[in-house]
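Contents: one structure, followed by commentary.
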Amino acid sequence: MLNNISLPILSKSDITRFLSKFIKSTPKKCWEWKASLSSNGYGKFSIKHKCYGAHRIAYFLYHKIDPFNKLICHHCDNKKCVNPKHLFLGTSQDNRDDCVKKKRHAFGDRNGGHLYPERLPHGDNHWTHKHPEKLLRGDKHPLHLHPEWAARGIYSGQYTHPERTARGEKNGSAKLNSKEIIKIRKQFFSHKFTYRQLAKIYKVSKSLIGAIVNKQVWTHI
Numbered sequence: 012m013l014n015n016i017s018l019p020i021l022s023k024s025d026i027t028r029f030l031s032k033f034i035k036s037t038p039k040k041c042w043e044w045k046a047s048l049s050s051n052g053y054g055k056f057s058i059k060h061k062c063y064g065a066h067r068i069a070y071f072l073y074h075k076i077d078p079f080n081k082l083i084c085h086h087c088d089n090k091k092c093v094n095p096k097h098l099f100l101g102t103s104q105d106n107r108d109d110c111v112k113k114k115r116h117a118f119g120d121r122n123g124g125h126l127y128p129e130r131l132p133h134g135d136n137h138w139t140h141k142h143p144e145k146l147l148r149g150d151k152h153p154l155h156l157h158p159e160w161a162a163r164g165i166y167s168g169q170y171t172h173p174e175r176t177a178r179g180e181k182n183g184s185a186k187l188n189s190k191e192i193i194k195i196r197k198q199f200f201s202h203k204f205t206y207r208q209l210a211k212i213y214k215v216s217k218s219l220i221g222a223i224v225n226k227q228v229w230t231h232i
């Protein structure tokens, strides 16, 4: 594993040696590391018998900021790239968000559960069946022992990070789209349709139509 601790002081010979390990190109192109790679494909550079991520050294030399315990992520998604213009400082969550945004995560048919369903422990093979005593239930559950840990009200993720909440059509359980929502409200306020009639037309419940009309749901439209 590459060292993600504070970087050491680089001597002139270290910097010269580092710059010789890749070919510098234009700012838009990747500068690929030509020397040793780690087991997960990142360039690695040795300083005083310790290995550090080449991309971390590149970020430090260009930005003059020691990444310390933070990650150096790639805009270009090229692990070998040490072009400082392609690198950004972030957390594990930033890296996951970037992964999801670019759809690099394994979802749908590429998910491991779809590719290798035989590897998923089901039924009696599931750990909850093999070790039921390890399940934290009732008074043993962490939220019973520490109710202050539960994120409620204004501390809930929907309030602290509203941009992460899947709203409207992005919500996997959504039965309608934004155009239909606008149309439903126009139809109701035209006084030509009742909740029951609209529910039948759009094949949803009457209570959902009421919530849509009164903007209890789909409030962003």
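Throughout, my numbering is defined as the position within the sequence shown, counted from one, plus 11.
All C-beta atoms in this analysis are idealised placements derived from N, C-alpha and C, irrespective of residue type, glycine included.
Source: prediction; values computed, not measured.
Query	Result
Which listed residue (Tyr63, Trp42, Asp108) has its alpha carbon closest to that of Glu174	Asp108
Limits of the unbroken beta strand (DSSP E) element including Tyr63	61-64
Beta strand (DSSP E) segment containing His82, residue limits	First, the amino acid is wrong: residue 82 is Leu here, not His. Unbroken beta strand (DSSP E) run through Leu82: 82-85.
Beta strand (DSSP E) runs contained entirely in the segment 22-79, provided each spans 3 or more residues	55-58, 61-64
Where Phe199 falls: helix, strand or coil (DSSP)	helix
As assigned by DSSP and simplified to three states, the class of Leu187	coil
For Phe99, the residue or residues it bridges with in DSSP	Cys84
Member of Tyr73, Tyr166, Ile34 whose CA lies at the smallest distance from the CA of Leu21	Tyr73
Beta-carbon gap between Lys186 and Val215 smaller than 7 Å	yes
Cβ contact (3+ pairs, closer than 8 Å) linking the segment 33-48 and the segment 73-84	no
The segment 200-208 contacting the segment 156-171, beta-carbon criterion three pairs below 8 Å	no
Residues near Ser36 by beta carbon distance below 8 Å, same chain, minus five either side	Trp42, Asn94
Close-in-space but distant-in-sequence residues of the same chain around Phe29 (CB under 7 Å, 5 per side omitted)	Phe56, Ile68
Assigned exposure category for Phe79 - 16 Cβ within 10 Å defines buried	exposed
Residue range of the alpha helix (DSSP H) that includes Thr171	168-171
Exposure label - His142; buried when at least 16 CB within 10 Å	exposed
Nonlocal neighbours in the same chain, by C-beta distance under 7 Å from Leu154, ignoring five residues either side	Trp160, Ala161
Range of the contiguous alpha helix (DSSP H) that encloses Ile212	206-213
Whether Arg196 touches Val224 by CB criterion (7 Å)	yes
Beta-carbon proximity list for His231, same chain, < 7 Å, skipping 5 on both sides	Arg178, Gly179
Nonlocal neighbours in the same chain, by C-beta distance under 6 Å from Ile220, ignoring five residues either side	Tyr206, Leu209, Ala210
Range of the contiguous alpha helix (DSSP H) that encloses Thr139	138-141
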